[in-house]
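Chains as they are written, first to last, in this note's numbering: chain A, 1 to 10; chain B, 1001 to 1210.
We treat Cβ as the ideally placed atom computed from N, Cα and C, and that holds for glycine.
All remarks here apply to the structure that follows.
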Amino acid sequence: FKVIPFKDEL
Amino acid sequence: MNIFRILGDISHLISILILIHAVSTTKSAQGISLKTQAAYVVVFVSRYLDLFFRYVSLYNTLMKLFFIVSSIYVVFLLNRYKKNSEKTNDIFPVWYLFGGAFVFALIFNYEFSIVEILWSFSLWLESVAIIPQLVVLQRTGEAQLLTTHYIFALGLYRALYIPNWIYRYYTEGRMDKIAVISGILQTIVYSDFFYIYYKKVVKNLKFKLP
């Protein structure tokens, strides 16, 4: 899987 | 946006409303850790710096503003109703949590920049910020029911983020390791409390049923 920060979360 | 995240966010929102309601109706800060609440102000301010340069959605922006403003308001309320004569149970050395979160943020981050380090710092700090509150609860012994509901709703929020991450892993094929590991840590910190909450609150409610 790709590690992508969840910057759309709170 | 999936159901787990929406429920998690709603649970987070409700927890803050319960806390504000509890403190303003009793006009008392007793049983609430000012250290934990002050830590949440730091958490939200350091995480939501991206309000200035990243737009996600109206929902996202409004929620971020709500969490920043409400956390500052809670600290203001607690200061107003704090009685200096009262023996305090808020004794946990909170600087250890700040220091530990900062060290973790320096080690685990997506980019060695101020914004990214503060973002990571906010996640680690959030995962342990409830500890002073749990210490107060333990030392006080008997807690207000609203206080325990508040802590439960707050713990439920991050616990619900875990199925959200599993769902996102399968549907989007992506994973945020810092958010996930700190989120799991946060849920572990709560696990003891969840167990006691279940034993005392859930079973008592059932017990009252005819």
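Alpha helix (DSSP H) runs wholly inside the region 1080-1122 of chain B, at least 4 long, in chain order: 1094-1107
Please report the straight-line C-alpha distance between Tyr-1055/B and Leu-1078/B, rounded to a whole angstrom. 32 Å
I'd like the span of the alpha helix (DSSP H) that includes Glu-1172/B, first residue to last. 1145-1172
Are the beta-carbon atoms belonging to Val-1069/B and Ser-1122/B less than 8 Å from one another? no
Would Met-1063/B and Leu-10/A be called neighbours here (beta carbons separated by less than 8 Å)? yes
Please go through the same chain and pick out, in chain order, the residues whose beta-carbon is closer than 6 Å to the beta-carbon of Ile-1016/B, but skip the five residues on each side of it. Ser-1070
Check the Cβ-Cβ distances between Ala-1022/B and every residue of chain A, and say whether any is below 8 Å. no
Can you tell me the Cα-Cα spacing of Ile-1162/B and Ala-1105/B, whole angstroms? 21 Å
CB contact below 8 Å: Val-1103/B versus chain A: no
Would you mind reading off the limits of the alpha helix (DSSP H) that contains Ser-1182/B? 1177-1197
Taking 6 Å as the limit between beta carbons, can you name the residues of its chain near Leu-1097/B, skipping five residues before and five after? Val-1128
Residue range of the alpha helix (DSSP H) that includes Leu-1134/B: 1131-1140
Option in Ile-1178/B, Gly-1008/B, Ile-1006/B with minimal Cα separation from Glu-1116/B: Ile-1178/B
Does Arg-959/B come within less than 8 Å of chain A when only Cβ atoms are used? Nothing can be reported for residue 959/B: it is not among the residues displayed for chain B, which extend from 1001 to 1210.
Any idea if Arg-1158/B is buried or exposed, counting beta-carbon neighbours within 10 angstroms, 16 or more meaning buried? buried
Going by the beta-carbon positions, is the gap between Val-1189/B and Ile-1130/B smaller than 8 Å? yes
Could you run through the region 1106-1131 of chain B and flag, in chain order, every residue whose CB is less than 7 Å away from some CB of chain A? Tyr-1110
Alpha-carbon to alpha-carbon, Lys-1087/B and Tyr-1169/B: 48 Å
Val-1045/B CB to nearest chain A CB: under 8 Å? no
Which residues of chain A have a Cβ atom closer than 9 Å to the Cβ of Asn-1060/B, listed in chain order? Asp-8, Glu-9, Leu-10
Classify Val-1075/B as helix, strand or coil using the three-state DSSP reduction. helix
Chain-ordered neighbours of Arg-1054/B on chain A, where CB pairs are closer than 7 Å: Lys-7
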